[in-house]
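Visitor: Just so you know, we're using the working numbering here: the sequence shown kicks off at 28 and counts up by one. Glycine included, each C-beta is placed from N, C-alpha and C at the ideal position. Pasting in a structure now, in structure tokens, and then I'll have a few things to ask.
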Amino acid sequence: YGRIKDVLTRARSRAWQAVNAAMVTSYWEVGRIMVEEEQRGKARAGYGQRLLDLLSQRLTAEFGKGFDRTNVAKMRAFYLAYPIVDALRPQLSWTHYRLLLRLEKPEARAFYETETVNAGWSTRELERQINSLLFERLALSRDKEGVMELATKGHEIQKPEDLVKDPYVLEFTGIRQDERFLEADLERSLIDKLQ
């Protein structure tokens, strides 16, 4: 029973991955068609709002849920953010990509994309990490070159301090992030701000 269960579980997983990859690729292609063929390569068409409304109505009528105006607009934004289909990650679902599209900075998007693949984050975990500003917190603790490396490679653990990081954003205290300070300085700044 255990071996048969493993076979069926792996088959279901492969089937889900194949369906997911096909869906993500087809949504990318829908975005490409809208931008390249309907909008002549421009980020927006003069009649873009009307195009999205009409397309959404027709697709919903024929294919059902999943093609509301917001989702169709996301498909267009998806193509604009990821213009090379081969750069799409098969491990990421459409929901992952929808969350990543909320990010304006390409380096933040690349960081979360890499971390999601490396750590196997669910969409809920990815959303939690984005909402907790993980990229921004790590970026504050590293130099510019390190941030770019972080965006492409993901968070690499090289020394024990990298394993346990609990960075704080303390700009409201008046203490600059790049300067060293004593606990007494932090305490004094916090008390001053509280008063």
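Quick test of your reading: V51 and Y106, contact by CB under 8 Å. State the CB separation rounded to the nearest angstrom.
Guide: The pair is not a contact, with the Cβ atoms about 12 Å apart (cut-off 8 Å).
Visitor: Indicate the three-state DSSP secondary structure (helix, strand or coil) for L190 in the structure shown.
Guide: Because L190 sits at a pLDDT of 48, beneath the cut-off of 50, its placement in the model cannot be relied upon, and the following sentence gives the value as read from the coordinates. Helix at L190.
Visitor: Going by the CB atoms, is the gap between A100 and L79 shorter than 7 Å?
Guide: In this structure, A100 lies closer than 7 Å to L79 by Cβ.
Visitor: Give a single yes or no on whether V46 has its beta carbon closer than 6 Å to a heavy atom of the ligand NAP.
Guide: Among the ligands in the structure shown, none appear at all, so the ligand NAP cannot be discussed.
Visitor: So, helix, strand or coil for E131, using DSSP?
Guide: Of the three classes helix, strand and coil, the one that applies to E131 here is coil, per DSSP.
Visitor: Indicate the three-state DSSP secondary structure (helix, strand or coil) for S159 in the structure shown.
Guide: Three-state result, S159: coil.
Visitor: Output the distance between the C-alpha atoms of A108 and L126, rounded to the nearest integer angstrom.
Guide: About 12 Å.
Visitor: Rounded to the nearest angstrom, how far is the Cβ of E140 from that of R164, given a contact under 8 Å?
Guide: The Cβ separation is near 18 Å, so there is no contact.
Visitor: Given a cut-off of 7 Å on the beta-carbon distance, is the pair F90 and S83 in contact?
Guide: No, the Cβ-Cβ distance between F90 and S83 is not below 7 Å.
Visitor: What is the DSSP secondary structure of R116, reduced to helix, strand or coil?
Guide: Looking at R116 - three-state DSSP - the assignment turns out to be coil, as it is neither helix nor strand.
Visitor: Can you tell me where the alpha helix (DSSP H) holding Q222 begins and where it ends?
Guide: Unbroken run through Q222: none, as it is neither H nor E.
Visitor: Distance check for T143 and R30, CA to CA, integer angstroms please.
Guide: Between R30 and T143, the C-alpha separation is close to 30 Å.
Visitor: Could you check whether S120 and N47 sit closer than 7 Å to each other, using their CB atoms as the reference points?
Guide: Yes, they are a contact pair.
Visitor: For R103, count the other beta carbons within 10 Å of its own beta carbon; 16 or more makes it buried, fewer makes it exposed. Which is it?
Guide: Burial call: buried.
Visitor: Taking 7 Å as the cut-off, decide whether the C-beta atoms of V112 and W55 are in contact.
Guide: A contact, by the Cβ cut-off of 7 Å.
Visitor: Specify the secondary structure class of W148 as computed by DSSP and reduced to three states.
Guide: Three-state result, W148: coil.
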